[in-house]
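S.K.:
Numbering (UniProt numbering), first residue to last: 1 to 792.
1. Indicate the three-state DSSP secondary structure (helix, strand or coil) for residue 565 in the structure shown.
2. Suppose the cutoff is 8 Å on Cβ atoms and the five residues either side in sequence are ignored; what does the same chain contact list for residue 458 look like?
3. Label residue 688 either buried or exposed according to how many other C-beta atoms from any shown protein chain fall within 10 Å of its C-beta, with 16 as the threshold for buried.
4. Would you report the Cα separation of residue 267 and residue 193, rounded to the nearest angstrom?
5. Considering only residues of the segment 315-360, which uninterrupted alpha helix (DSSP H) runs meet the minimum length of 4 residues and lie entirely inside it, listed in chain order?
6. What are the boundary residues of the alpha helix (DSSP H) that includes residue 480?
7. I'd like the list of long-range same chain contacts for residue 93, defined as Cβ closer than 6 Å, with 5 residues on each side in sequence excluded.
8. Helix, strand or coil, according to DSSP, for residue 659 in the structure here?
9. How big is the Cα-Cα spacing for residue 464 and residue 426?
10. Roughly how many whole angstroms lie between the Cα atoms of residue 310 and residue 273?
11. Comparing C-alpha positions only, which one of 369, 487, 411, 404 sits nearest to residue 431?
12. With C-beta atoms as the reference, is residue 154 less than 8 Å away from residue 37?
13. Pull up the distance between the alpha-carbon of residue 288 and that of residue 337, whole angstroms please.
14. Around the C-beta of residue 360, are 16 or more other C-beta atoms found within 10 angstroms, so that it is buried, or is it exposed?
15. Please classify residue 189 as buried or exposed, where buried requires at least 16 other C-beta atoms within 10 Å of its C-beta.
16. Leaving out the 5 sequence neighbours to the left and right, which residues in its chain are closer than 8 Å to residue 129 when beta-carbon positions are compared?
17. Nearest to residue 770 by CA position, among 759, 749, 762, is which residue?
18. Between residue 191 and residue 244, what straight-line distance do the alpha-carbon atoms span, to the nearest angstrom?
19. In chain order, which continuous runs of the alpha helix (DSSP H) of length 4 or greater are located wholly inside the segment 193-256?
20. Taking all protein chains shown into account, do 16 or more other C-beta atoms lie within 10 angstroms of the C-beta of residue 327, making it buried, or fewer, making it exposed?
21. Closest by CA to residue 839, which one among 715, 760, 724?
22. Can you tell me where the alpha helix (DSSP H) holding residue 729 begins and where it ends?
23. What whole-angstrom Cβ distance do residue 257 and residue 238 have, given they're in contact under 8 Å?
24. Thinking just about the alpha-carbon of each residue, which of 53, 404, 762 is nearest to the one in residue 663?
25. Could you tell me how far apart the beta carbons of residue 612 and residue 603 are, in whole angstroms, since I believe they sit closer than 8 Å?
26. Where does residue 544 sit, in a helix, a strand or coil, going by DSSP?
27. Label residue 231 either buried or exposed according to how many other C-beta atoms from any shown protein chain fall within 10 Å of its C-beta, with 16 as the threshold for buried.
28. Entirely within the segment 355-419 and at least 3 residues each: give me those beta strand (DSSP E) ranges in chain order.
29. Tell me whether residue 12 is buried or exposed, calling it buried when 16 or more other Cβ atoms sit within 10 Å of its Cβ.
30. Out of 736, 365, 482, which one is the CA nearest neighbour of residue 516?
31. Drop a sphere of 10 angstroms on the beta-carbon of residue 529, count the other beta-carbons inside from all chains shown, and report buried for 16 or more, exposed for fewer.
32. How should residue 106 be labelled, buried or exposed, when 16 other C-beta atoms within 10 angstroms of its C-beta is the threshold for buried?
33. Tell me where the alpha helix (DSSP H) around residue 587 begins and ends.
34. According to DSSP, is residue 787 part of a helix, a strand, or is it coil?
35. Would you tell me roughly how many angstroms separate the C-alpha atoms of residue 479 and residue 705, rounded to the nearest one?
36. Under DSSP, the beta strand (DSSP E) around residue 86 begins and ends at which residues?
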């Protein structure tokens, strides 16, 4: 009586897929006759031992590891068995109920989340079917057994079909969502690629970076509008620096970083103020977007994201993206967009660093002028112009005369103001005809396309603009300059060659006098090459310790004994032998190498005196310092302190000799430095080469000198030269009146010695007693000195 309902042949289903589905449903759901059996089948599934057996059997299924916690936790196991029991009782009570569809979807979701495949789900259902079938087999009526078996099989198949169908529906939805998300992510990755390509381009302005980035966000990212906002605290004003897309939206747009202002509570204000991302999923429903709600409605804007730009300076930035779709921005999309914002920030920082590097490489910080590196680049272009127009180009290199002394007199800060003004005057003079650069501490260079102008007229104009005093904080300072001139194409045809020629000419100009001018020539070049070759040798000599000290004794006329030594530098060259100081000292001075060499002299002289004092405890030692050393007084001061510290000798065992011209050049600051050395370190000061300058009695009185050295040029003519005799007599008299000792240098004959002794000179030195000697011979000289050989 039951078999006619389930013996369905394939041809009865037809070829229509919809019809096939309906026939399957009709076949699997219980017929009216079978519904009477549901109660009996339902009574079977209510037995608790069924679910205990089911539980024990599915534990043995190898791949159902998702339920491991259920298998090992008694409470979870009990709950699981209860849920399975309830589900099957409800299902078998009314398998046609709409709730079956809902429960099937829930079962499919649960198994999908737990990682249970449809195969394992069907395997579990088969376990239930087998357990129930074993119960059905115990029924005495064979027909009923068969009918219940068929009904159970159909219902299990129907449940399996329902759950698996829901399983794949969910998978299909998830796949569709994943595909949509993948499209979005692919678009964002394309954005990321485009932005990174943009960043790696050669950028010159951050404006260009932001404008191009906004364009990419609209073109590739598909956003309705993209713009970049920048705020510079403590101001709350927001500046729109770049935008792309529907930029009409931003016309008369107001936003702020002020949290008390409604315009400061939107995505832009919050992002700028707090440095975080802000997403408005639906602008119609988010109160933070109220100030712009009407504007958004006009343009169809539905969602907004604001992404922080970390600019690493006082400025703060934000990238604003607008979409026509509500809830456009997913969490994954925001993470990738934040990465884009970080890359943009790095691009901005790279540009700023490049600009700073370019400024450091090509521009002078003090004057705002270009530097030598930039000058050479500009000259390359200017030489091309001069060639194409067949006109000469002149390059002038100028050095401000004695500007180091000006710095000492008025201070470096005021000196920098003068340098800045010199640069400004030169820039106004040159205008668009060339380039002005600062190429050294007190050196400038400028190019000029001459056309029909005589170079002499140009140089005269330079002198005129420098002749006007420089008003610096209420006082007027005057400067002059020496100039070296090279002309293209006569003197050189490359930027480097032209600058070298002008440099050679400048050396010649400085050798003439202040305000000297020299045009490049082959003779000047040869002199310059000689100079630079000697400078190179001197630098090597310093590195290889080729400098040595010689010592010349000074004789006290009262005791007729040597009481002090003057340390004199010599160059012991392996190629040239012992080189006279007159040949290399000027180059040391001009190059500035004298600062380091002078430091070495102080330390070596102190070391020598310490050794000599073991046998001659009252011996004193003097050494010379130059203008350049005075101008780098910190180096000199440290050397003096180091010498005293290392030797342990008292300060008054040393005498520092400074020339009259040096003090006149460095001015009042030089006197102050001498007082510091004299009072703080205890060194004695000697005024060297006295009489060759223009010192007045009042000026000499202010100088903290312990002794005055009469220059050998006045001693040489004694006693026969009346003028020399009168000068020396005046110097000795002046020194005596000021309480200062006198030392005469260059004494070579006994009659000179007798005359000086008669005037009351305190000490003498010269070839009459000894020539400068190496350290090894000093002790022998001091031990064996016989005054009767020199005195009468």
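Heads up, the beta-carbon is just placed ideally off N, CA and C, and yes, glycines get one too.
M.R.: Judging by the given coordinates:
1. strand
2. 394, 396, 448, 450
3. buried
4. 26 Å
5. none
6. Segment: none, residue 480 is in no alpha helix (DSSP H) and carries neither H nor E.
7. 42
8. strand
9. 11 Å
10. 12 Å
11. 369
12. no
13. 21 Å
14. exposed
15. exposed
16. 152, 153, 156
17. 749
18. 15 Å
19. 206-219
20. exposed
21. With the chain represented from 1 up to 792, any question about residue 839 goes unanswered, as that position is not in the structure.
22. 722-738
23. 6 Å
24. 404
25. That pair is no contact at about 15 Å.
26. coil
27. buried
28. 393-400
29. The predicted position of residue 12 is uncertain, since its pLDDT is 42 and thus under 50; no value can be drawn from it.
30. 482
31. exposed
32. exposed
33. 581-591
34. helix
35. 29 Å
36. Taken as a continuous stretch (DSSP letters only), residue 86 belongs to no beta strand (DSSP E), being part of the alpha helix (DSSP H) at 74-93.
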